[in-house]
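What follows is a single structure, written as structure tokens, with notes after it.
Chains as they are written, first to last, in this note's numbering: chain Y, 830 to 1207; chain C, 8 to 103.
Next up, the structure:
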């Protein structure tokens, strides 16, 4: 064997490994499934283990919280680009707006991706935050990639001090008046890219970067969301809230109905393209679902969670071995994207009676009831 | 001597009490903000009734009271904290 051929093989293996890190190839929309821009086409689920599915569904809807409502308020499942299941708790329906909590971070990531596609932002350029660009300010080295992968090293991690944590103070307390300023006016406590810490403040910074790039204040931001993301995919119920200073609450407060959360999931399952148009730049979804491996991170991609091996400080809600990446938020909000089963599972509601572990088990059983593409459930 | 000890004890009590009062006010403020914002969004964006929304606030915030306003929700802990969230169509609820 020549050295050239050996090298070629090594390169090929490296390429395959690099691809494998992002997971299974993202499935295209089947030709016979219309894009759900105007409306979802419904169909029966195919190849489902119905006993397992019913068990999981019951586990999601049976536990009732203190208001007498089930913890799960909405469950929508998309298989092969068609809606195959939709159920709501009593009093809720297709028009109900559900809060995102931290799933907002993934929407903010989509808005960032749109501006990257348009060439208005760059992942590896210094993040355009004016407060960081004084001479000698080490924060001037921070990039959007650091921010989106939660590896900025800024001293604004969510924290676990309850009502006095940074995130609680920023969303609801003394730091809530101007969340962008609160989030940005902190020091670096780790070198950028060396330490992972979950930070809602970081998503507020990203949303602020998007807002300043778009311009026009709240009205400008709202118009941008509608024009570039919500209208093209038909997610017209999408609503972003703002703080008193006019900053978008891209870290926690976005609303949409369950069908629109499913559309957002489908956009990522379809590699950021929608009905022939590219919404997110090529490679953006693979970036979203690629874990930045660090001692403190084994399950976080770029403003998306990735089912994998969690670090000691982290938690994996879904069963080991399920290939999925997800938007996830407080009180058990989930938009789970499962490429190897061509599936999107949306679960919205509360977590008064069920724990993360119980919710994760039920969702895992639900997902496992669906077959792999071209295979059977397992 | 006794008076000096009493003075020191009173001073320490004042400092410790002050610390806890500041902490309590900060926690009450977060609670008031949470209740105002979450119930406002639940009612005005989520389209649900005030009575249906209130139990969705975690039990740890049961001491925070909520009052429905024509365009928002007031969250308050008497004598400690008060926050108001106001709704605007198209922009949801904003905490003030």
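For glycine and all other residues, C-beta sits at the position ideal for the given N, C-alpha and C.
For a contact defined as C-beta to C-beta under 7 Å, what are the partners of residue i on chain C?
i, result
"residue 942(Y)", "By Cβ distance, chain C contributes nothing, its closest Cβ being about 23 Å from residue 942(Y), past 7 Å."
"residue 953(Y)", "The premise fails here: residue 953(Y) is roughly 33 Å from chain C at the closest Cβ pair, so nothing lies under 7 Å."
"residue 1152(Y)", "Chain C residues near residue 1152(Y): none, gap ~33 Å exceeds 7 Å."
Examine chain C for any beta-carbon lying closer than 9 Å to the beta-carbon of residue i, and answer yes or no.
i, result
"residue 790(Y)", "Outside the shown range of chain Y, which is 830 to 1207, sits residue 790(Y), and nothing can be said about it."
"residue 894(Y)", "yes"
"residue 1181(Y)", "yes"
"residue 865(Y)", "no"
"residue 847(Y)", "Per-residue confidence for residue 847(Y) stands at a pLDDT of 40, beneath the threshold of 50, marking its modelled position as unreliable; no derived number is given."
Would a check of beta-carbon distances place residue i closer than 9 Å to chain Y?
i, result
"residue 61(C)", "yes"
"residue 75(C)", "no"
"residue 102(C)", "yes"
"residue 37(C)", "yes"
"residue 90(C)", "yes"
"residue 55(C)", "yes"
"residue 66(C)", "yes"
"residue 30(C)", "yes"
Just curious, the beta strand (DSSP E) that residue i is in, first and last residue?
i, result
"residue 49(C)", "Looking at the DSSP string, residue 49(C) is not in any beta strand (DSSP E), and its letter there is neither H nor E."
"residue 916(Y)", "911-917"
"residue 901(Y)", "901-908"
"residue 1188(Y)", "First-last for residue 1188(Y): 1185-1197, but that is the alpha helix (DSSP H), not the beta strand (DSSP E)."
"residue 101(C)", "99-102"
"residue 973(Y)", "Note, residue 973(Y): premise wrong, no beta strand (DSSP E); alpha helix (DSSP H) at 973-977."
"residue 1129(Y)", "Careful: residue 1129(Y) lies outside any beta strand (DSSP E) and carries neither H nor E."
"residue 92(C)", "88-95"
"residue 1091(Y)", "Premise fails: residue 1091(Y) lies in the alpha helix (DSSP H), 1087-1098, not in any beta strand (DSSP E)."
"residue 1156(Y)", "1154-1158"
"residue 983(Y)", "From DSSP, residue 983(Y) is part of no beta strand (DSSP E); its letter is neither H nor E."
"residue 1166(Y)", "1162-1167"
"residue 1172(Y)", "1172-1178"
"residue 82(C)", "79-84"
With residue i as the anchor, note down where its alpha helix (DSSP H) starts and where it stops.
i, result
"residue 1059(Y)", "Counting along the chain, residue 1059(Y) falls outside any alpha helix (DSSP H), and DSSP gives it neither H nor E."
"residue 66(C)", "Premise fails: residue 66(C) is in no alpha helix (DSSP H) and is neither H nor E."
"residue 995(Y)", "995-1001"
"residue 1029(Y)", "1029-1043"
"residue 886(Y)", "879-890"
"residue 1252(Y)", "Residue 1252(Y) lies beyond the stretch modelled for chain Y, which goes from 830 to 1207, so this question has no answer here."
"residue 898(Y)", "No alpha helix (DSSP H) contains residue 898(Y), which DSSP labels as neither H nor E."
"residue 1114(Y)", "1113-1117"
"residue 1011(Y)", "1008-1013"
"residue 57(C)", "57-60"
Can you list the residues of chain Y that residue i reaches, using a CB-CB cut of under 9 Å?
i, result
"residue 33(C)", "992, 993, 998, 1002 and 1003"
How would you list, in chain order, the residues of chain Y whose beta-carbon sits under 7 Å from the beta-carbon of residue i?
i, result
"residue 97(C)", "1051"
"residue 52(C)", "926, 1068 and 1084"
"residue 40(C)", "1001, 1002 and 1005"
For residue i, which of the options has the nearest alpha-carbon?
i, options, result
"residue 853(Y)", "976(Y), 1151(Y), 1160(Y) and 865(Y)", "1151(Y)"
"residue 1051(Y)", "102(C), 92(C), 97(C) and 101(C)", "97(C)"
"residue 1058(Y)", "1033(Y), 1093(Y) and 1034(Y)", "1093(Y)"
"residue 902(Y)", "922(Y), 945(Y) and 1096(Y)", "922(Y)"
"residue 61(C)", "1066(Y), 895(Y) and 884(Y)", "895(Y)"
"residue 1022(Y)", "1113(Y), 1001(Y), 974(Y) and 1141(Y)", "974(Y)"
"residue 42(C)", "1113(Y), 992(Y), 947(Y) and 1033(Y)", "992(Y)"
"residue 1111(Y)", "1100(Y), 1192(Y), 1073(Y) and 1104(Y)", "1100(Y)"
"residue 1027(Y)", "904(Y), 1176(Y), 1125(Y) and 1199(Y)", "1125(Y)"
"residue 931(Y)", "1029(Y), 880(Y) and 966(Y)", "1029(Y)"
"residue 1263(Y)", "881(Y), 900(Y) and 851(Y)", "Examination of residue 1263(Y) is not possible in this model, given that chain Y is present from 830 through 1207 alone."
"residue 69(C)", "95(C), 56(C), 83(C) and 77(C)", "83(C)"
"residue 1195(Y)", "1031(Y), 1154(Y), 1162(Y) and 1148(Y)", "1148(Y)"
"residue 1073(Y)", "939(Y), 1047(Y) and 1066(Y)", "1047(Y)"
"residue 1079(Y)", "1013(Y), 1070(Y), 953(Y) and 1122(Y)", "1070(Y)"
"residue 939(Y)", "1087(Y), 1053(Y) and 1169(Y)", "1053(Y)"
"residue 879(Y)", "1019(Y), 1024(Y), 913(Y) and 925(Y)", "913(Y)"
"residue 1213(Y)", "1025(Y), 1140(Y), 1163(Y) and 862(Y)", "No answer is possible for residue 1213(Y): it lies beyond the span of chain Y, which begins at 830 and ends at 1207."
"residue 885(Y)", "1056(Y), 1013(Y) and 1187(Y)", "1187(Y)"
Residues of chain C with CB closer than 9 Å to the CB of residue i, please, in chain order.
i, result
"residue 1072(Y)", "101 and 102"
Could you check whether the Cβ of residue i sits closer than 8 Å to any heavy atom belonging to the ligand MG?
i, result
"residue 1180(Y)", "As far as ligands go, the structure on display features none, and thus does not contain the ligand MG."
With 9 Å as the threshold, decide whether the Cβ of residue i is near any Cβ in chain B.
i, result
"residue 1083(Y)", "Reference to chain B is not applicable here, since the protein chains of this structure are Y and C."
What are the residues in the segment 1029-1050 of chain Y lying within 9 Å of chain C by C-beta distance?
1047 and 1048
To be precise: take each residue of the segment 1075-1089 of chain Y, compare its Cβ to all Cβ atoms of chain C, and keep it if any distance is under 8 Å. Which residues remain?
1082 and 1084
Against chain C: residues of the segment 1002-1018 of chain Y by CB proximity under 9 Å:
Listed in sequence order: 1002, 1003, 1005 and 1006.
Residues of the segment 896-929 of chain Y with a CB closer than 9 Å to any CB of chain C: list them in chain order, please.
896, 897, 898, 920, 921, 924, 925, 926, 927 and 928
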